[in-house]
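Asker: If you're matching them up, the sequences are chains A and B in order. Just add 3 to the spot in the first sequence (first one is 1) and you have the numbering used here. Just add 253 to the spot in the second sequence (first one is 1) and you have the numbering used here. Structure below; questions to follow.
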Amino acid sequence: MDRPDLLAQIPGLRRYARALTGNTWAADDLVQDTLERACSKWRLWIIGSDLRAWLFTVMHNLYASDVRRALRRQQAGVSVDVDTLTNELIAPEDATALGIDLQRCLLQLPEEQRTVLLLVSMEDMSYEEVARITGSPIGTVMSRLSRARIRLQQLLDAPAVAPHAEVTQSGAAPVLRRLK
Amino acid sequence: MDSQTTRQLSDDELHALADGRTSGPERFALEARLALEPNAKSRLAQWQQQNLLLRDLHRSVLDEAVPSPLLEAARQTVSAQKTTERWSRMGGIAAGVVISFGMGWLANATWQSQHRGTLTAQVPASSEFVRQARYAHVVYAPEVRHPVEVTAAEQVHLVQWLSKRVGKTLKVPNLTAQGYELVGGRLLPGDTGARAQFMFQNGAGTRLTLYLGAIPAPAQDEVTQETAFRFATDGAVPSFYWVDQGFGYALSGPLQRDALMQLAQAVYQQL
Chain A
4 MDRPDLLAQI PGLRRYARAL TGNTWAADDL VQDTLERACS KWRLWIIGSD
54 LRAWLFTVMH NLYASDVRRA LRRQQAGVSV DVDTLTNELI APEDATALGI
104 DLQRCLLQLP EEQRTVLLLV SMEDMSYEEV ARITGSPIGT VMSRLSRARI
154 RLQQLLDAPA VAPHAEVTQS GAAPVLRRLK
Chain B
254 MDSQTTRQLS DDELHALADG RTSGPERFAL EARLALEPNA KSRLAQWQQQ
304 NLLLRDLHRS VLDEAVPSPL LEAARQTVSA QKTTERWSRM GGIAAGVVIS
354 FGMGWLANAT WQSQHRGTLT AQVPASSEFV RQARYAHVVY APEVRHPVEV
404 TAAEQVHLVQ WLSKRVGKTL KVPNLTAQGY ELVGGRLLPG DTGARAQFMF
454 QNGAGTRLTL YLGAIPAPAQ DEVTQETAFR FATDGAVPSF YWVDQGFGYA
504 LSGPLQRDAL MQLAQAVYQQ L
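Encoded structure:
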């Protein structure tokens, strides 16, 4: 019987989570939650089907519900999520200027567009796989992909606004502003 | 010019081009129409550039050591899976909590011992395998006139023929998205039977070879016949190799570790 190696999937899940959340700690938390959920839901995985796709589905569902929860919190009166801002400030250790800029632009895409773009471009998944993972019709996947690519290009082409650049040292919250 | 060639390219068609989801005549037709549409052409170039950037983003994470809490969570999942499998193998219906606990413990213990077995028993066979793969690469990749026995033009025949000889239904991975096209393949002798070699080449003339064949292992649990990706550099050409269900695979090419790893993953996922 085919038994693909779960351990071998972890590096890929970590990288995808890093790009999705833009934050090292949040990413590893998400991977941890994914593995724990996988453990409790193991029977739902059909043996012989694609383990990687299943794990990405589990992660997608967790992340989407995290985002929804965060949005509800925000609407309930917490005006600015400082974590969201600091995500944009902390440069990953290995980052090039290009990588930081790309991550910054990615985080400005709506979650559902970012997900589709990363699954297609970074993870090289087929459109059908992405539709299965995100639980949306293929037409929705394609239109999100179009919007994501067009928007990302606009963001990448726009002159970088770098008002945050100086405050990284202080560690204190920068001038808070509403993001949405 | 008919309407087919003059119709504007849709976003979906551009995505398919950017992501390498078309090939052969379909791709040629799209590219012919693209030549007439400068706007679509520049959009495609932007999207391809985005793909390159995204594929590179956080790449170093792939080589980082996995933090131990994550390893621990994965191990628990593996032992949960084992328990489930043993249950179904025994046709287990209700046998009580006590047995299930016992099986979990047992599954965990066997998992650990099997993995020790993998390390000691599998390495010699697969390192001989990768050595032969690299010889085959070094011999055939520079060949100008006869790099392959059967060319990609006869892909169906090639795959049927090699499948028959190595005793497994083979699939040729599609590496178009990574810029590599199939050149063709050949049959080779290995120390434990027939081996197949597929050759790929990119626009710059860089050649990759995928070498595969059965690796007979002691008839034990299937776990002993699987290994993780391994990287071998101590020779003329670097290789990634792995063993899956008693079958060995080695991808060799004059590339950096990361680039080769990415290709090996693409191959692994498709096979």
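Built from N, CA and C at the ideal position, the CB exists for glycine as well. Keep in mind the model is a prediction, meaning the values are calculated, not measured.
#1: Of all the residues that make up the region 137-163 of chain A, which are near chain B by a beta-carbon distance shorter than 7 Å?
#2: Ends of the alpha helix (DSSP H) at E284 of chain B?
#3: 8 Å is my cut-off, CB to CB: does A531 of chain B come that close to chain A?
#4: Of all Cβ atoms in chain B, is any one closer than 8 Å to the Cβ of I103 of chain A?
#5: Return helix, strand or coil for V436 of chain B, following the three-state DSSP convention.
#6: Using beta carbons (cut-off 8 Å, strictly below), is E39 of chain A in contact with chain B?
#7: Could you tell me which chain B residues have their CB closer than 7 Å to the CB of V34 of chain A, listed as they occur along the chain?
#8: If you draw a straight line from the C-alpha of E115 of chain A to the C-alpha of D444 of chain B, how long is it?
#9: Any residues in the region 299-321 of chain B with a beta carbon nearer than 8 Å to a beta carbon of chain A? Which ones, in chain order?
#10: From L435 of chain B to Y494 of chain B, what does the alpha carbon distance come to, in whole angstroms?
#11: Span of the alpha helix (DSSP H) holding V496 of chain B?
#12: Suppose only complete runs of 4+ residues qualify. What are the alpha helix (DSSP H) ranges in the region 6-71 of chain A, listed by chain order?
#13: Would you please verify whether the beta carbon of V412 of chain B is less than 8 Å from any beta carbon of chain A?
#14: I want to verify the contact list: residues of chain A whose CB lies under 7 Å from the CB of T330 of chain B, in sequence order.
#15: Between D272 of chain B and chain A, is any beta-carbon pair separated by less than 8 Å?
#16: Alpha carbon to alpha carbon, how far is S139 of chain A from T486 of chain B? Give it in angstroms, no decimals.
#17: If you measure between the beta carbons of V61 of chain A and L323 of chain B, is that distance less than 8 Å?
#18: Taking the C-alpha atoms as reference points, what is the distance between L23 of chain A and L428 of chain B?
#19: Flag this pair as yes or no: are the beta carbons of S461 of chain B and A449 of chain B separated by less than 8 Å?
#20: Can you list the residues of chain A that A430 of chain B reaches, using a CB-CB cut of under 7 Å?
#21: Alpha helix (DSSP H) containing R308 of chain B: first to last residue?
#22: Confirm, please, whether the CB-CB distance from Q408 of chain B to V425 of chain B is below 8 Å.
#23: Whose Cβ in chain A lies nearer than 7 Å to the Cβ of D265 of chain B?
#24: Report, in whole angstroms, the separation of the C-beta atoms of G437 of chain B and M452 of chain B, which I expect to be a contact under 8 Å.
#25: Count the C-beta pairs between the region 295-312 of chain B and the region 12-27 of chain A that are closer than 8 Å, then say yes if the count reaches three, no if not.
#26: Output, in chain order, the set of chain A residues within a Cβ distance shorter than 9 Å of A327 of chain B.
#27: Under 9 Å between beta-carbons, which chain B residues line up against S68 of chain A? List them in chain order, please.
#28: Going by DSSP in three states, A457 of chain B sits in which element: helix, strand or coil?
#29: Could you confirm whether any beta carbon from chain A is found closer than 8 Å to the beta carbon of A512 of chain B?
#30: Considering only C-alpha positions, which residue in the set A:S146, A:S43, A:I141 and A:R72 is nearest to L58 of chain A?
#31: Leaving aside the five residues before and after R147 of chain A along the sequence, list all residues of the same chain whose C-beta is less than 7 Å from its C-beta, in chain order.
#32: Excluding the 5 residues preceding and the 5 following H268 of chain B in the sequence, name in chain order all residues of the same chain whose CB lies nearer than 8 Å to its CB.
#33: Would you grab the beta carbon distance between L9 of chain A and V331 of chain B for me? Rounded to a whole angstrom, and I think it's under 8 Å.
#34: Using Cβ-Cβ distances below 9 Å, what residues of the region 108-121 of chain A are close to chain B?
#35: Go to L504 of chain B, then tell me how far its beta strand (DSSP E) extends in each direction, as first and last residue.
#36: Evaluate A467 of chain B with the Cβ neighbour count: other Cβ atoms within 10 Å of its Cβ, from every protein chain shown; 16 or more gives buried, anything less gives exposed.
Answerer: The relevant details are as follows:
#1: M145, L148, S149, R152, L155 and Q156
#2: G277 to L287
#3: Limits of chain B in this structure are 254 at one end and 524 at the other, which puts residue 531 of chain B out of reach.
#4: no
#5: strand
#6: Yes - at least one Cβ of chain B is within 8 Å of the one on E39 of chain A.
#7: L323
#8: 51 Å
#9: So the close ones are Q299, W300, Q303, N304, L306, L307, R308, D309, L310, H311, R312, S313, V314, L315, D316, E317, V319 and P320.
#10: 19 Å
#11: It is not in any alpha helix (DSSP H) - V496 of chain B instead sits in the beta strand (DSSP E) that spans S492 to D497.
#12: 9-24 and 27-43
#13: No, its Cβ sits nowhere closer than 8 Å to a Cβ of chain A.
#14: The answer, in chain order, is L9, L38, A41, C42 and W45.
#15: yes
#16: 43 Å
#17: no
#18: Going by the C-alpha atoms only, they are around 26 Å apart.
#19: First, the amino acid is wrong: residue 461 of chain B is Leu here, not Ser. No. Outside cutoff.
#20: D127
#21: P291 to D309
#22: yes
#23: M145
#24: 6 Å
#25: yes
#26: L9, L10, Q12, I13, L38, A41 and C42
#27: What S68 of chain A touches in chain B: nothing, since even the nearest Cβ is about 19 Å away.
#28: coil
#29: no
#30: For L58 of chain A, the nearest C-alpha among the options comes from A:S43.
#31: Cβ contact annotation for R147 of chain A (same chain, cutoff 7 Å, sequence separation greater than five): E115, Q116 and V119, in chain order.
#32: R274 and W300
#33: Between L9 of chain A and V331 of chain B, the beta carbon gap of about 6 Å places them in contact (Cβ cut-off 8 Å).
#34: L109, L120 and L121
#35: F500 to S505
#36: buried
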